[in-house]
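Trainee: There's a structure below that I have some questions on.
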């Protein structure tokens, strides 16, 4: 596989999301979502990439490397938490990140703007990221990269409902990723003290409305550690992002070879 380096709407409670000027997450509050504090290697290049510390109510919950040109996340990093209570956690609207448009904007996530938003805000926002109108009546679902169901409280789940954590997925592919990967994490991580997860999207050649890249693949890798922080096991999954395909489980080493990247420090060994 050739892979390049994926309601009821209420007024959202203000969320906070920091767009970093730093070329690394190291030393920041989202460093804790990477095993050993080291982010994946192999995503360097000329693309317009931004690092985002995704927060909700002043609490950081995960980290995202976002491609502003393609308007999709390249990966999101988080620590897996067994889901407790309502799986939905969807009491907020789909959000955008104002600081991707203007670094001087506040660091609160905002509801995706309407086309008649004052001051031309809609057009300013859509220059740098996806908006809700990109997905409406498009034939594609809003696919979470960092799944809301992998988080254990309302705040961490709600933080995932931002277009900086979303890729276009055919409905069948979205359902297959949930069935073949997302719902299996509780079993895969049994016995782990903590599980570090990197889930990403491999950009494709097609785009949604000539704006939002439609990834060829969505993939995920996990690194499970004991209560002393020592690696216990690892694993990975990948799905061709088209209808009718099945999730493929594989080793971390195989996924890294496939993607030509290094996902975890010391290969989680």
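Numbering (mature numbering (1 follows the signal peptide of the UniProt record, and there is no 0)), first residue to last: -17 to -1, 1 to 252. Ideal Cβ positions, reconstructed from N, Cα and C, are used throughout, including at glycine.
Over the uninterrupted alpha helix (DSSP H) stretch that includes residue 124, give me the two end residues.
Mentor: That residue, residue 124, is in no alpha helix (DSSP H); its beta strand (DSSP E) goes 124 to 127.
Trainee: Could you check the C-alpha separation between residue 212 and residue 118 for me, to the nearest Å?
Mentor: The C-alpha of residue 212 lies about 40 Å from the C-alpha of residue 118.
Trainee: I'd like to check one pair, residue 225 with residue 164: are the Cβ atoms closer than 7 Å?
Mentor: no
Trainee: Mind the definition here: the stretch 120 to 134 touches the stretch 145 to 152 only if three or more C-beta pairs lie below 8 Å; say whether that holds.
Mentor: yes
Trainee: Can you list, in chain order, the residues of its chain with a C-beta nearer than 7 Å to that of residue 161? Leave out the 5 residues immediately preceding and following it.
Mentor: none
Trainee: Mark residue 159 as exposed unless 16 or more other C-beta atoms lie within 10 angstroms of its C-beta, in which case mark it buried.
Mentor: With 16 or more other Cβ atoms inside 10 Å of its own Cβ, residue 159 counts as buried.
Trainee: Would you kindly report the start and end of the unbroken beta strand (DSSP E) that includes residue 42?
Mentor: 42 to 50
Trainee: Sorted by chain position, which residues of the same chain lie with C-beta nearer than 8 Å to residue 228's C-beta, five sequence neighbours on each side aside?
Mentor: 156, 159, 222
Trainee: Any idea if residue 6 is buried or exposed, counting beta-carbon neighbours within 10 angstroms, 16 or more meaning buried?
Mentor: exposed
Trainee: Would you grab the beta carbon distance between residue 25 and residue 243 for me? Rounded to a whole angstrom, and I think it's under 8 Å.
Mentor: 6 Å
Trainee: Hey, residue 138 and residue 40: beta-carbon distance below 7 Å or not?
Mentor: yes
Trainee: Around the Cβ of residue 68, are there at least 16 other Cβ atoms within 10 angstroms (buried) or fewer (exposed)?
Mentor: Residue placement at residue 68 is flagged as unreliable, the pLDDT there being 40, under the threshold of 50; the coordinate-derived value follows with that caveat. Under this definition residue 68 is an exposed residue.
Trainee: Let me check one thing: in DSSP terms, what residues is residue 202 bridge-paired to?
Mentor: 183, 221
Trainee: Closer than 6 Å by C-beta to residue 204: which residues in its own chain qualify, once you throw out the five before and the five after it? Chain order, please.
Mentor: 181, 219, 235, 238, 246
Trainee: Can you look up residue 9 in the DSSP assignment and give me helix, strand or coil?
Mentor: Three-state result, residue 9: coil.
Trainee: Among the candidates 206, 42, 36, whose CA atom is the shortest distance from the CA of residue 3?
Mentor: 36
Trainee: Would you kindly work out how many angstroms separate the C-alpha atoms of residue 174 and residue 59, rounded to a whole number?
Mentor: 23 Å
Trainee: If you draw a straight line from the alpha carbon of residue 45 to that of residue 133, how long is it in whole angstroms?
Mentor: Those two C-alpha atoms are separated by around 11 Å.
Trainee: Whose C-alpha, out of 19, 123, 82, is nearest the C-alpha of residue 107?
Mentor: 82
Trainee: If residue 170 and residue 63 are in contact, beta carbons under 8 Å, what's the gap, nearest whole angstrom?
Mentor: 12 Å between Cβ atoms; not a contact.
Trainee: Using only the alpha-carbon positions, how far apart do residue 105 and residue 111 sit?
Mentor: Per the coordinates, the alpha-carbon of residue 105 lies some 11 Å from the alpha-carbon of residue 111.
Trainee: If you draw a straight line from the C-alpha of residue 215 to the C-alpha of residue 208, how long is it?
Mentor: 5 Å
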